[in-house]
Structures are given as structure tokens and as C-alpha cells.
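Chains A and B are the protein sequences, given in the same order. According to this note's numbering, the residues represented by the first sequence are 375 to 650, in order. According to this note's numbering, the residues represented by the second sequence are 59 to 393, in order. Data block below; observations after.
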Amino acid sequence: MARAITTQRKITLTAVAWIIALLIFFPILWTILTSFKTEADAIADPPLFLNFHWTLENYAVVQDRSDYMRYLWNSIAIAVGSTALGILIAVPAAWSMAFVPGKKTKDILLWMLSTKMLPAVGVLYPIRLILIQTGLLDTKGALIVILTLINLPIIVWMLYTYFKEIPGEILEAARMDGATLRSEILYVLTPMAVPGIASTVLLNIILAWNEAFWTLTLTTVDAAPLTAFIASYSSPEGLFYAKLSAASTMAIAPILIMGWFSQKQLVRGLTFGAVK
Amino acid sequence: MGRITLDKVRKAFGDVEVIPPLDLTIEDGEFVVFVGPSGCGKSTLLRLIAGLEDVSGGQIRIDGEDATMVPPAKRGLAMVFQSYALYPHMSVKKNIAFPMKMAGMPQDEQERRIASAAKALNLTDYLDRRPGQLSGGQRQRVAIGRAIVREPAAFLFDEPLSNLDAALRHGMRLEISELHERLTTTMVYVTHDQVEAMTMADKIVVLQAGVIEQVGSPLELYRAPLNKFVAGFIGSPKMNFLEGEEAAKRNAHTIGIRPEHLTMSTTEGAWRGTVGVAEHLGADTFLHIHPDSARSETMTIRVDGSVTARHGDVVWLSPQEENIHRFDETGLRIA
């Protein structure tokens, strides 16, 4: 039964939604506001909301002290690289699990996801040692491979759920039409799964962009992405809130803007193909 | 050429044998219909021929060559699916071109074949549309177009009309029959609808539980069904079956008599009964009669549309003795 939605009910729901949204967004908003304050205003008690002296000084200092563009480039390379590599591996894997499942397919899917439950720090030392010995520590290539492996289970899962929605008869038709496995995946499956692949790509770029644990522990200078850029402004004394906020704002701005423009795809991605 | 031979072909899913070893030959140019109730294995059999399922035993030969292990793409067969299975992201033109593109056919030859298929199937005005913008009948024609352009050794149809409404279904039935007349290519057609089987087939294969019950022309099956199952499955409305005294009188365990082989009188005849439901189709009327002696639940009789019989009327039925089918205890026909 459809419930009658009264005007009053509508207003209440809208208000609640706005309050929740603001609560979630508030930390980001506060970071952005703080980035425009002087260091003194940033730690003022009681906190100043809008009635402070607006300044761009922090951005100037941050830009002066570190090379933002280099960190940005590293972040882009690592996020895009690991996502591309992940998709390349995950498409055939998800194809086989969705369309030619074996007896163990369900177990493999669950096992893959279970690797995400493992605390990352548990494998930190082996990985770090391997990278040191192979001379790959602090290289973008190593980070791309590590982040690919970290996020691969999610990519495979997402693609698997999208592929499951594609009727098998269409792929059989392609086979009857003389398509080889390669043509079948390239010309039929992939174009049909483009919306799903797009949201998987978006979500993964965000995950890789935000990944801090591995990027902080496996890089020093050369391959350091924006997460390391932010971290370099946090000091144990906690004195430079405004500059830290400016650095954070610069670090999250690109991904925030990308997320804003791809909201629709992302929502679909986050619901894991449950909503058609 | 398109001669398909199944030699002791067997299919099991795990421990369940859906098709026990089976032999069948489909001659070049024949229109063969696999018909049977749901779950009789007719679609599985078609998919075995297509190569979409692997056989569990036996051999499939296409034009004399062993195709048992050949992947579907290389068997040279074309298939039309129940769900049409068009590529939703491609235009009608690209859908039709796909098999030719896969075969690496020259562009101008592709164009020529698309144009002639589109003309034959009334699709010329729709070539740039996507499948989602077409009606059910048009989609089905695109699926057929996609099948004919590659000039396959044989066409496989898997219940192609069951998603269409009744009026369209009749039209498409004629179109497919006409296509067969024109192309004279082997066609294997799966349906659960015995009317489609009767009207389209050169040869009908009646299946039940993976076993071939009878193979023959539509009229052979109608006139001389090998067993009770085929007798009851072929013909509409269904054949009436009688057991007991009436059958014993004719040296049989069961006798069968088709609705069109009964005559009705209001005064005299072999069996007395009362009229139940009357189905008026216009030209014909089907009367469901409850016999006085409970030797059969109801009997169906076909009478002329002009006959007026109402619910509760007492009538007499008489069989045409020469059209009575006799069956033994196991359901087999007694010659």
C-alpha cells in the first residue's frame, strides 16, 4: 500500500535528511573553513564559525613549502594505474564466475572478500621487506601493484554482481554468431556492462586515492601521493591546524569534485548492483 | 547443406539423466519440430545440437563431420532464442551485421546482405533503431535477420514465438514457414505448442522425459499415433480416451477417439450424456459432454458452429468406428 505523504511529513523528512547530510559533511566543511583562518583563529575557543578573518595565506605557505603538483601527479598515477590494472584482471575473473560458475565459485568469492577482513598491518613487514630487497620501495609501480591487490576483491565482486544481471542468452547468441571468447567479452559483455564498469572504476579511484596506510608506509619522497602530503603537515604538537586544513582541502578537492559530478554512478556502485 | 545426425546422444546434469541415449537424423532442408511438454528435454536437445551444452555421450555429426567437440561458433548453425537475445547496445543494423563481422566478411558484402535481409523482413525503416525501441514482433524479425545473413547450414529456433501475443504469433508462424520455403535450409524448431508443430513441420519429433515417443509427418502422427502419449498430445482439442467395457468390446485396453470423429444426435447413439460447457468458436463449437456412465470424466466433441446445444441438454454420441485408435495396457498402439 502506498502511504499518503502529507506536506507536514514531507517537510519533516526533508529536514531530517538535511540534518543527517550536514552532520556527515560537517568535518569536511570545518576543514575547508579552517583552511581560510589564521592559525590563531583556527584554535580560538569558543570556535569561530564564519566570523573570522578570511585569508589565503595558508595556501600560499603550503604551496611555497611543498610541491603540490608532484604529490597530485603521484596520487593520480597510483589511483588510475591500480584501478586500470585491477579492471584488466577482474573482468575475465568476474566473467568466468558469473557465466561459467564451478562448484567452488561461491567459496572463492567469499574467500576473496575475507582477505579484506585481514588487518593490513599483518602483512606490512613481509611486503615492506620484499620491496626493500627488490629495490621497489618508494616507487609508483610497487604502490600500483599493492593497491591493485588490496582492492581487487571489491572490483571482482562489483563486476560479478553487474555481470550477473546480464542475460546469459545474449552471450550464447554471440557464441552462435561466431564470436570467440575475446570478441564476446570485448564486443558484447563489456559494452553492456559499461554502467557497472564505470561505477566500479569511480569507486576504486576514490578508494585508491584515499588509501593512507599503504601509501604512508611504503613511500618516502619519490612516490609519495597526497596522503603523504597531508601527513607532512601534522605535527605532534598540533600547532598548524590552519595549514594542515589547507593541505587537506587541496588533497581532497580533486576527488570531491570528481565525486560530485559522478554522484549517480557512485550511488549505483555503492548499492552493488542491487538497484536497477 | 545441413544434415544433422545424432548418434546415441546422451545428456546428464550431474546424476540426473535428462536425455537417455537417443538417435535422430535431420535431413538436409527439412523443417523439423521438437515438441513435448515442459521439461521433456526438447530445449536441451536443441542446445546440444547448437553446442551450447556439452553432450555426456554419443556423437553429433553435421554433414557427416563429427561436430561433437566443435564449439558453437564453428558449427555453422544459427540460433533464434525465445528472449530474442539481441545486443541491446547495438543498432538493428549492427545486430544483423554482428555474425558477418565475426566472420570477417568484406564490408560491401555485409551491406548487401543487410539490405536484402532488411527488405525481406520489413526492417528497412528500423535499421538505425536500438532493440529497445522495437515491438516484440520486430525484435523477433531482427533475431531472424541476424540468423539468415550468415547463410548457416541450419537454423535452430528455441520457442521463438512464445513471447508474442496470439495475433502476432500466427503472422510470424507464416513468415517463418515462408522463409523455409524460400531458403530451403534445414530448420530445427522447438515448441511446446502442438499447433505450431502441426502447421509448420515436415517432420515432428515428439519428446517426453528425454525420450523420442514418435517421429513422423504431422498427418502420420495425427492419423496413427504410436502410443497414448502422442495420441493425447497431438490434436486440438485433445483425443478422448475410454477404458473398460467399451474398450474391451474392441479388443483393447484403452480406445481413443478424436472430438472431430464423434457424431452427435439428440435422439439416438452409442453413448448418452448431458452437455456441460459449450465453447463457441464461430465456425466450430466444442461441447464438453458428461457421459451418464462414468467411463470417462468428460468427452469433447466438435460440432458445426450452427448447432445449438445448451448446458444440461441430453445428447447421444456415436464414434466413427474407422477412426477409433486402440491401445494396449502399456499404452502402445494396436495395429
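Heads up, the beta-carbon is just placed ideally off N, CA and C, and yes, glycines get one too.
Self-check item: Proximity to A/I559 [Cα-Cα], best of A/T601, A/S488, A/F537
Solution: Against the first sequence, residue 559 of chain A aligns to sequence position 185. Of all alpha-carbon atoms in A/T601, A/S488, A/F537, the one lying nearest the alpha-carbon of A/I559 is that of A/F537.
Quiz prompt | Within chain A, partners of B/Y145 - CB distance below 7 Å | solution = Taking the second sequence and counting its residues from 1, one reaches residue 145 of chain B at position 87. Within chain A, the residues near B/Y145 are I544, V562.
Quiz item: How big is the Cα-Cα spacing for A/D618 and A/T591?
Solution: Within the first sequence, the letter at position 244 stands for residue 618 of chain A. Within the first sequence, the letter at position 217 stands for residue 591 of chain A. Here residue 618 of chain A turns out to be Leu, not Asp, going by the sequence shown. Each residue's alpha carbon lies about 20 Å from the other.
Quiz item: Mapping DSSP to helix, strand and coil, what is B/P276?
Solution: Along the second sequence, one-based indexing puts residue 276 of chain B at 218. It is helical.
Quiz item: In terms of alpha-carbon separation, which member of B/R188, B/G389, B/E387, B/P377 lies closest to B/P317?
Solution: On the second sequence, residue 317 of chain B is found 259 positions in, with the first residue counted as 1. Selected option, being the one with the closest Cα: B/P377.
Quiz item: Comparing the C-beta of A/R556 with each C-beta of chain B, is any distance below 7 Å?
Solution: Numbered from 1 along the first sequence, position 182 holds the residue referred to as residue 556 of chain A. Among the CB atoms of chain B, none fall inside 7 Å of the CB of A/R556.
Quiz item: Among B/T257, B/K296, B/R360, B/E379, which one has its Cα closest to the Cα of B/V91?
Solution: Sequence index remark: in the second sequence, residue 91 of chain B carries index 33 (1-based). Closest by alpha carbon: B/T257.
Practice problem: Have a look at B/D112 and A/F473 and give me their C-alpha separation to the nearest angstrom. | Solution: Here residue 112 of chain B refers to the residue found at position 54 when the second sequence is read from its first residue. Here residue 473 of chain A refers to the residue found at position 99 when the first sequence is read from its first residue. Using only the alpha carbons, I get a separation of about 15 Å.
Self-check item: DSSP state of B/M357 mapped onto helix, strand, coil
Solution: Sequence index remark: in the second sequence, residue 357 of chain B carries index 299 (1-based). Note: B/M357 maps to strand in three-state DSSP.
Self-check item: Neighbouring residues, chain B, relative to A/T541 (Cβ below 8 Å)
Solution: Walking along the first sequence from the start, residue 541 of chain A turns up at place 167. It is Pro, not Thr, that sits at residue 541 of chain A in the sequence shown. Per Cβ cutoff of 8 Å: S141, A143.
Quiz item: What distance in whole Å lies between the Cβ atoms of A/S449 and A/P599, which are believed to be in contact at a cut-off of 8 Å?
Solution: Taking the first residue of the first sequence as position 1, residue 599 of chain A is located at position 225. Taking the first residue of the first sequence as position 1, residue 449 of chain A is located at position 75. Confirmed, Cβ separation roughly 4 Å.
Practice problem: Could you tell me whether the region 153-171 of chain B touches the region 543-551 of chain A, using the rule of 3 or more Cβ pairs below 8 Å? | Solution: yes
Practice problem: Determine the direct distance from the alpha carbon of B/P164 to that of B/H319, and round the result to whole angstroms. | Solution: The sequence position of residue 319 of chain B within the second sequence is 261, counting from 1. The sequence position of residue 164 of chain B within the second sequence is 106, counting from 1. Whole-angstrom Cα-Cα distance: 59 Å.
Practice problem: Could you tell me if A/A620 is buried or exposed, where buried requires 16 or more neighbouring beta carbons within 10 angstroms of its beta carbon? | Solution: Residue numbering aside, residue 620 of chain A sits at position 246 when the first sequence is read from its first letter. Buried: at least 16 other Cβ atoms inside 10 Å.
Quiz item: For the region 128-158 of chain B, which segments carrying the beta strand (DSSP E) assignment without a break, of at least 3 residues, lie completely within its bounds, in sequence order?
Solution: List check, beta strand (DSSP E) in window: 135-138.
Quiz prompt | Min CB distance A/A567 to chain B below 7 Å | solution = On the first sequence, residue 567 of chain A is found 193 positions in, with the first residue counted as 1. Not an interface residue.
Quiz item: Taking Cβ positions only, does A/A494 come closer than 7 Å to chain B?
Solution: The count along the first sequence starts at 1 and reaches residue 494 of chain A at position 120. No, its Cβ sits nowhere closer than 7 Å to a Cβ of chain B.
Quiz item: B/G229: which of B/I84, B/L241, B/A306, B/R199 sits nearest, CA to CA?
Solution: As a working note, residue 229 of chain B is residue 171 in the second sequence. The shortest Cα separation from B/G229 among B/I84, B/L241, B/A306, B/R199 belongs to B/R199.
Quiz item: Is it right to say B/R130 is buried, meaning 16 or more other beta carbons lie within 10 angstroms of its own, or is it exposed?
Solution: Here residue 130 of chain B refers to the residue found at position 72 of the second sequence. Residue identity differs from the one stated: residue 130 of chain B is Pro in this sequence, not Arg. Answer is buried; the Cβ neighbour count reaches 16.
Quiz prompt | Neighbour flag for A/A616 against chain B, beta carbons, 7 Å | solution = As a first step, residue 616 of chain A is located in the first sequence; it is residue number 242 there, counting from the start. Contact with chain B is absent for A/A616, since none of that chain's Cβ atoms lies less than 7 Å from the residue's Cβ.
Exercise. At 8 Å on the CB atoms, spell out the chain A contacts of B/A131, in chain order.
Key: Residue numbering aside, residue 131 of chain B sits at position 73 when the second sequence is read from its first letter. Residues of chain A passing the Cβ test: R549, M550, D551, G552, A553, T554.
Quiz item: Since B/D362 sits in a beta bridge, which residues does DSSP pair it with?
Solution: Reading the second sequence from its first residue, position 304 is the one you call residue 362 of chain B. DSSP lists B/D342 as partners of B/D362.
Quiz item: With 16 other CB atoms within 10 Å as the buried threshold, where does B/N180 fall?
Solution: Here residue 180 of chain B is taken as the residue at index 122 of the second sequence, counted from 1. Classification of B/N180: exposed, given that the 10 Å Cβ count is below 16.
Self-check item: Short CB-CB distance (under 7 Å) between A/K650 and chain B
Solution: For the purposes of this step, residue 650 of chain A is taken as residue 276 along the first sequence, with counting starting at 1. With a pLDDT of 34 at A/K650, under the threshold of 50, the modelled position of this residue cannot be trusted; read the value that follows with caution. Chain B, which has no Cβ nearer than 7 Å to the Cβ of A/K650, makes this no.
Quiz item: In angstroms, rounded to a whole number, what distance separates the CA positions of A/W588 and A/L521?
Solution: For this step, residue 588 of chain A is matched to residue 214 along the first sequence. For this step, residue 521 of chain A is matched to residue 147 along the first sequence. Computed Cα separation, rounded: 8 Å.
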